[in-house]
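Colleague: Below is the structure I would like to discuss, written out as structure tokens.
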Amino acid sequence: MIRGLAPQARLIGTQARCFTKLASFPNHQPTSPSRYFYSTTRTMAQKQEDNKGAGHSVPQTSVVAEGAQDPEIVAYQTHQASAPRLSLAEEARTLVNNGKFGVISTISSKDPTGFPSGSVVEYSADSTGRPIFSFSSLSPHTGDVLTDGRCSLTVMADGFRGLSDARVNITGTISKVPNMEISAAKELYLSHHPQSFWVEFGDFTWFRMDQVLCARLVGGFARAGKISGEEYAEAVVDPVAAFSAPVCGHMNADHAESTQAMIKHYIGITVDKAMMLSLDRLGVNVACERQGESFKCRLPFPRPAEDRKMIKELIVEMTRAAAGAVEKAQ
Numbered sequence: 000m001i002r003g004l005a006p007q008a009r010l011i012g013t014q015a016r017c018f019t020k021l022a023s024f025p026n027h028q029p030t031s032p033s034r035y036f037y038s039t040t041r042t043m044a045q046k047q048e049d050n051k052g053a054g055h056s057v058p059q060t061s062v063v064a065e066g067a068q069d070p071e072i073v074a075y076q077t078h079q080a081s082a083p084r085l086s087l088a089e090e091a092r093t094l095v096n097n098g099k100f101g102v103i104s105t106i107s108s109k110d111p112t113g114f115p116s117g118s119v120v121e122y123s124a125d126s127t128g129r130p131i132f133s134f135s136s137l138s139p140h141t142g143d144v145l146t147d148g149r150c151s152l153t154v155m156a157d158g159f160r161g162l163s164d165a166r167v168n169i170t171g172t173i174s175k176v177p178n179m180e181i182s183a184a185k186e187l188y189l190s191h192h193p194q195s196f197w198v199e200f201g202d203f204t205w206f207r208m209d210q211v212l213c214a215r216l217v218g219g220f221a222r223a224g225k226i227s228g229e230e231y232a233e234a235v236v237d238p239v240a241a242f243s244a245p246v247c248g249h250m251n252a253d254h255a256e257s258t259q260a261m262i263k264h265y266i267g268i269t270v271d272k273a274m275m276l277s278l279d280r281l282g283v284n285v286a287c288e289r290q291g292e293s294f295k296c297r298l299p300f301p302r303p304a305e306d307r308k309m310i311k312e313l314i315v316e317m318t319r320a321a322a323g324a325v326e327k328a329q
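Pasting the structure below:
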């Protein structure tokens with residue numbers, strides 16, 4: 000989290016992203032939409048940093064300003080305060096389930112002994128969210144977990160660009176997968192990493208974080224919390240979040256103006272730019288720009304989307320409603 004931000008910045012925790020109309024979803028994996036957005040706009044944190052010399056004051060034209068008089072800002076703040084979102088546990092499970100790589104932090108078994116040691120690793124999560132790994136005997140983290148199984152795994156959202164993007168850290172203990180369960184673990188792992196032929200080499204051993212003690216999710220500025228191991232294991236993985244990249248990429252490339260129209264219609268604020276970042280069954284997260292200010296907003300679906308087909312249906316419905324409102328206003 001960025002320290003030193005004005006208290007009003009906490010309101011941004013209720014923000015997320017947005018959506019557009021849709022005709023089809025090409026089967027391609029586009030470059031992260033946030034890459035363009037963050038390269039062309041200044042972040043809220045940077046703007047707040049500029050205000051430090053003025054006593055950390057926030058201009059009344061800012062979307063996070065308390066006591067704002069602008070009716071569009073008031074509408075935005077009111078809408079975002081109650082916009083439906085996944086629970087912290089659901090978002091954490093979804094991030095881990097859809098991720099493929101993470102940073103495992105172990106307790107070093109070699110010099111300097113006892114200090115934290117981090118390594119980028121592949122993993123695959125099982126049905127209860129436990130990460131499965133295949134480690135080489137040559138890797139230092141292998142010796143670490145064999146000596147002391149306490150560790151943590153940090154996973155970042157796809158297309159992670161900075162502190163406003165989601166990440167989760169799960170803490171627990173790791174141990175070898177029992178011989179009778181190796182076949183199932185290998186099958187699951189290779190379904191996520193089909194090119195990882197090296198796991199068949201004789202010096203690789205299968206491990207699993209059998210006990211997840213807790214998780215800590217940071218979903219962006221001011222959206223963070225600790226999740227118990229029980230909450231994490233019982234949470235349901237979002238059924239449509241995995242479609243974020245192709246859907247958002249297509250909409251950003253072909254229907255960006257429709258995203259702006261939906262934000263105006265459903266949230267009540269006019270934005271100069273809108274870039275879809277991700278989606279889940281309850282709605283879409285959008286990066287926006289208004290009068291030079293960068294922020295995020297959450298655009299909920301009218302109903303939960305339980306599959307990819309329903310995502311399309313809801314986007315079309317919302318797009319038509321927004322377009323109809325524009326025509327009526329004219």
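First residue of the sequence shown? That's 0 in numbering that gives the first Met the number 0, and the numbers climb one at a time after it. Heads up, the beta-carbon is just placed ideally off N, CA and C, and yes, glycines get one too.
Quick one: what does DSSP say Thr77 is sitting in, helix, strand or coil?
Modeller: It is helical.
Colleague: Identify whether Phe196 lies in helix, strand or coil by the three-state DSSP scheme.
Modeller: Of the three classes helix, strand and coil, the one that applies to Phe196 here is helix, per DSSP.
Colleague: So for Thr318, helix, strand or coil by DSSP?
Modeller: Helix, per DSSP.
Colleague: Whose C-alpha, out of Gln68, Val198, Asp237, is nearest the C-alpha of Ser86?
Modeller: If we check each option's Cα against that of Ser86, Asp237 comes out closest.
Colleague: How many angstroms separate the CA atom of Ile106 from the CA atom of Thr172?
Modeller: In a straight line, the C-alpha of Ile106 is about 11 Å away from that of Thr172.
Colleague: If you draw a straight line from the C-alpha of Val283 to the C-alpha of Glu316, how long is it?
Modeller: If you take the alpha carbons of Val283 and Glu316, they lie about 14 Å apart.
Colleague: Taking DSSP's pairing of strands, which residues face Arg222 in a bridge?
Modeller: DSSP output for Arg222 lists Gly219 as bridge partner(s).
Colleague: Could you check the C-alpha separation between Pro115 and Ser138 for me, to the nearest Å?
Modeller: Computed Cα separation, rounded: 15 Å.
Colleague: Using the Cβ count rule (16 or more neighbours within 10 Å means buried), how would you classify Arg319?
Modeller: Flag for Arg319 reads exposed.
Colleague: Under the assumption that Thr204 contacts Thr141 (Cβ atoms under 8 Å), give the Cβ distance between them as a whole number of angstroms.
Modeller: The Cβ separation is near 7 Å, so the contact holds.
Colleague: Do Val198 and Arg307 have their C-beta atoms closer together than 8 Å?
Modeller: Cβ distance not < 8 Å, so Val198 and Arg307 don't count as in contact.
Colleague: So Lys192 and Glu305 are in contact, right, with Cβ under 8 Å, and what is the actual spacing, rounded?
Modeller: Lys is not the amino acid found at residue 192; the sequence shown has His there. In fact, because the Cβ distance is near 27 Å, the residues do not count as touching under 8 Å.
Colleague: To the nearest angstrom, report how far apart Met208 and Lys99 are at their CA atoms.
Modeller: Approximately 15 Å, taken between the alpha carbons.
Colleague: Tell me whether the stretch 158 to 175 and the stretch 214 to 221 touch, counting them as touching only if at least three CB pairs, one residue from each stretch, are closer than 8 Å.
Modeller: Yes: the two stretches touch, three or more of their Cβ pairs being nearer than 8 Å.
Colleague: Nearest to Ala184 by CA position, among Thr127, Lys225, Val154, Thr112, is which residue?
Modeller: For Ala184, the nearest C-alpha among the options comes from Thr127.
Colleague: Hey, quick one: how far does the beta strand (DSSP E) through Asn168 stretch, first residue to last?
Modeller: 166 to 175 is the span of the beta strand (DSSP E), which, as asked, contains Asn168.
Colleague: Going by DSSP in three states, Ala88 sits in which element: helix, strand or coil?
Modeller: The answer is helix: DSSP assigns Ala88 an H, G or I state.
Colleague: Between the beta-carbon of Leu276 and the beta-carbon of Pro299, is there less than 8 Å?
Modeller: Not closer than 8 Å, so no.
Colleague: How many Å lie between Gly101 and Ser81 at the Cα?
Modeller: Cα to Cα, Gly101 sits roughly 32 Å from Ser81.
Colleague: Where Ala255 and Met261 are concerned, what is the direct C-alpha to C-alpha distance, given to the nearest angstrom?
Modeller: Between Ala255 and Met261, the C-alpha separation is close to 10 Å.
Colleague: Any idea which residues DSSP pairs Asp306 with across the strands?
Modeller: Asp306 is not bridged to any residue.
Colleague: Which residues in the same chain have their Cβ closer than 6 Å to the Cβ of Leu187, if we skip the five residues on either side of it in sequence?
Modeller: Ser123, listed in sequence order.
Colleague: If you measure between the beta carbons of Arg129 and Val246, is that distance less than 8 Å?
Modeller: In this structure, Val246 does not lie closer than 8 Å to Arg129 by Cβ.
Colleague: Tell me which residues share the same chain as Ile181 and place their Cβ nearer than 7 Å to its Cβ, disregarding the 5 neighbours each side in the sequence.
Modeller: Around Ile181: Trp205.
Colleague: Of the residues Ala322, Pro303, Glu312, Lys311, which one's Cα is nearest the Cα of Arg84?
Modeller: Selected option, being the one with the closest Cα: Pro303.
Colleague: Pick out whichever of Thr258, Ile310, Cys287 has its Cα sitting closest to the Cα of Ala321.
Modeller: The option with the nearest alpha carbon to Ala321 is Thr258.
Colleague: With a 10 Å radius around its C-beta and 16 neighbouring C-beta atoms as the bar for buried, classify Met250 as buried or exposed.
Modeller: So Met250 ends up on the buried side.
Colleague: Which whole-angstrom value is the C-beta distance of Ile266 and Arg289, which I expect to be below 8 Å?
Modeller: Their Cβ separation, rounded to whole angstroms, is 11 Å, which puts Ile266 and Arg289 out of contact at 8 Å.
Colleague: In or out: Gly66 buried (at least 16 other Cβ within 10 Å) or exposed?
Modeller: Gly66 is exposed by the Cβ-count criterion.
Colleague: Which residues in the same chain as Ser108 place their Cβ atom closer than 6 Å to its Cβ, once the five residues preceding and following it in sequence are excluded?
Modeller: Excluding sequence neighbours, Ser108 sits near Gly142, Asp143, Thr146.
Colleague: Buried or exposed: Lys327, going by 16 or more other Cβ atoms within 10 Å of its Cβ?
Modeller: Lys327 should be labelled exposed.
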